[in-house]
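Undergrad: The structure is given below, and queries will be raised subsequently.
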Amino acid sequence: MNKTLKLTLNKQWFDLIEKGIKTEEYRELKDYWHKRIKFSPTNTKPFDLIEFTNGYNKTSPQVTFELVNIRL
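Be aware that the sequence shown starts at 521, since it is given in this note's numbering, and climbs by one per residue.
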């Protein structure tokens, strides 16, 4: 079973990722992300897929990609 990391983006960044122009997403390194990703030296790829959503509505546009890697 694939594990999916779900991230919400505003329209500007969502559109660029959907078109393949923006190929990386950055988040500020905080405790929240350490806990959410559960990143450790032995767990270097805790998710298989990454799902981007443009907004918080159930009908908001979404795109899903294979997650290649997570770097700190």
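We put the beta carbon where it would ideally sit given N, CA and C, even for glycine.
A quick note: this is a predicted structure, and the numbers were derived from the prediction, not measured.
Roughly how many whole angstroms lie between the Cα atoms of Met586 and Ile570?
TA: Met is not the amino acid found at residue 586; the sequence shown has Glu there. Cα to Cα, the separation comes out at about 6 Å.
Undergrad: According to DSSP, is Phe567 part of a helix, a strand, or is it coil?
TA: coil
Undergrad: Out of Glu548, Thr524, Thr579, Asn574, which has the shortest C-alpha to C-alpha gap to Leu536?
TA: Asn574
Undergrad: Going by beta carbon distance, what residues of the same chain come within less than 8 Å of Lys565, once the five residues before and after it are set aside?
TA: Leu587, Asn589, Ile590
Undergrad: Between Thr528, Leu592, Arg556, Asn522, which lies nearest to Thr579 when the distance is taken from Cα to Cα?
TA: Thr528
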